[in-house]
Amino acid sequence: SNIIQSLGNESSLDLLNALDAEILFLVEGEDDGQYLQSIMGKFGIIKKSVYWSFRGLDTLIKKVKHYKEFLGSIGASQSIWDKAFIVVDADFMTDEQKENLANKFSTTLGVDAHIWKSYTFESTILSSNYSLSSVILQHIADLDQTVQIDDINRQLTAEKESLRLRLLQNIDTDSGFRERITRQIQNRSQSLRNDLEITSIFNGGEAMLFQNYHLFAKSSLEHGRIDHLCTKDDVEQLLSEVYNNLNIIIDTTVVSIFNQLIKQIDAHQSPNDWAVLISKLM
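All residue numbers for the sequence shown refer to the numbering used here, where the first residue is 4 and numbers rise by one.
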C-alpha cells in the first residue's frame, strides 16, 4: 500500500500509484491506511490500494471538491476519482448525522463513504466487551502470561465504567469541553455549507447545534456506550489500566497496546462497524 501524505505536493509517482490502484482511500491520517489494509486482510479482501491523507475531516471537507475536479480528469477507461472511497471519523456528530453526511458525500461527490460511529478508529474496539476480552486473553497468552477471562471482563468493565462517569461529567459540567464541542460543530457546519454546499446535516439552527449532540451523547453514555466520546489516548489509557490491574507485564516503548491488539483480532472478533465498512467494499 502507498500513503500519499502531502496535499498540494503530489508527485508524478503518486499519481501513477493511484492510476495503478484498484481503490483510492481518502483518509485523515497515515495510520488509517495501515489500519484499513489490516482490516481488509482479516476479511480476505485483496485490493491494490492507495491512501490519500487529508490530515483531518475538516481539511478533507475544504479540499475534496478540488481533488474531485483534478483526479476526475486523470485516467483512460476509469478516472482516478472513480476509484475513490472516503473513510473518516467525525467527532461530535450523532450517528444519524454521520449517516446523513456519508450519504451526502455520495450524492455530492459521487463517491462511497464510511464514517466510523466511534470517536476514532481506535475506539471502535470498545463497542463490545465480549470480543475485546477474548482478544486480550489471546494477546496475554502470546506474551506467555496467564489470566482468566472472567478477570479480564471484570477489569474491563470497571475501567469502562470509570471512563463513562468521567465522560458523563465532562459533557454535563465541563464548560471548556462543552465550548470545544460547540465550536467544532459550528465550524464543521459552516465548512460543509461553504465548501460543499451541504446544509442538511445539522438541523434546528445555530441554537440547537450543541443541544442535539449533548442529548445524543448523554443518552448513549447513560445506556453504557462510551466509544462515541473516547479519543485514542482514552483507549490506550483504559487498556493500560486493565493490563496493570491484571499484573500483566507489557512493553509499549515501541508499539502501543492498541496496535498490539489489532494484530490479534480476526473477522469473527471484529467490531460490527468493521463489517459494515467491508460490506461497502465488496
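Every residue gets a Cβ at the ideal spot worked out from N, C-alpha and C, and that includes glycine.
The structure displayed is predicted, hence computed values, not measured ones.
I need the DSSP call for residue i, collapsed to helix, strand or coil.
i, result
"Y54", "strand"
"L19", "helix"
"L232", "coil"
"D34", "helix"
"I128", "helix"
"S282", "helix"
"L249", "coil"
"I26", "strand"
"A270", "coil"
"S41", "helix"
"N156", "helix"
"S82", "coil"
"D254", "coil"
"N190", "helix"
"T123", "coil"
"I184", "helix"
"N206", "coil"
"L10", "At L10, the pLDDT of 47 sits below 50, so the modelled position is not reliable; the number obtained from the coordinates is stated separately. L10: coil per DSSP, three-state reduction."
If I follow the unbroken alpha helix (DSSP H) through residue i, where does it start and stop?
i, result
"D177", "Note, D177: premise wrong, no alpha helix (DSSP H); not H, not E."
"Y70", "L60 to L74"
"L146", "Note, L146: premise wrong, no alpha helix (DSSP H); not H, not E."
"E200", "First-last for E200: undefined, no H or E at that position."
"A105", "D98 to L112"
"E225", "L212 to E225"
"F95", "Careful: F95 lies outside any alpha helix (DSSP H) and carries neither H nor E."
"I260", "I260 to I265"
Since I believe residue j is in contact with residue i (beta carbons under 8 angstroms), could you give me their beta-carbon distance rounded to a whole number of angstroms?
i, j, result
"L280", "V90", "7 angstroms"
"I155", "S134", "Wrong, their Cβ atoms sit about 12 angstroms apart, outside the cutoff."
"S52", "F73", "19 angstroms between Cβ atoms; not a contact."
"I251", "Q148", "6 angstroms"
"S121", "N275", "The pair is not a contact, with the Cβ atoms about 11 angstroms apart (cut-off 8 angstroms)."
"I253", "L146", "7 angstroms"
"I229", "L166", "6 angstroms"
When you compare the CB of residue i with every CB in chain D, is at least one pair closer than 7 angstroms?
i, result
"N156", "The chain labelled as chain D is not found in the depicted structure, where only one protein chain is given."
Which residues in the same chain have their Cβ closer than 6 angstroms to the Cβ of residue i, if we skip the five residues on either side of it in sequence?
i, result
"I268", "V138"
"L171", "L224"
"R181", "none"
"N300", "Look at the range of the chain in this structure, 4 to 285, and you will see that residue 300 is not part of it."
"E162", "L241, E244 and V245"
"V84", "Just to set this straight, residue 84 is Trp in the shown sequence, not Val. Within the same chain, W84 has close Cβ partners K71, L74 and G75."
"Y54", "I6, F28, V30 and G36"
Since residue i is in the beta strand (DSSP E), which residue starts that stretch and which ends it?
i, result
"I89", "A87 to D92"
Any idea which residues DSSP pairs residue i with across the strands?
i, result
"H117", "V90"
"I139", "For I139, which the question treats as bridged, DSSP gives no partner whatsoever."
Among residues of its own chain, excluding the 5 on either side of residue i, which ones have a beta-carbon nearer than 8 angstroms to its beta-carbon?
i, result
"S109", "D115 and A116"
"N190", "D61"
"G207", "Q214 and N215"
"K221", "L171, I174 and D175"
"S192", "I204, F205 and L212"
"L284", "I26, M43, I48, K50 and F88"
Can you list, in chain order, the residues of its chain with a C-beta nearer than 7 angstroms to that of residue i? Leave out the 5 residues immediately preceding and following it.
i, result
"A278", "none"
"E239", "S259, I260 and F261"
"I188", "F95, F205, L212, F213 and Y216"
"T234", "Y122 and T123"
"K101", "A93, I118 and K120"
Should residue i be listed as close to the ligand GTP, given that the test is whether its C-beta is under 6 angstroms from any heavy atom?
i, result
"E244", "As presented, the structure is devoid of all ligands, the ligand GTP included, so that no description of it is given."
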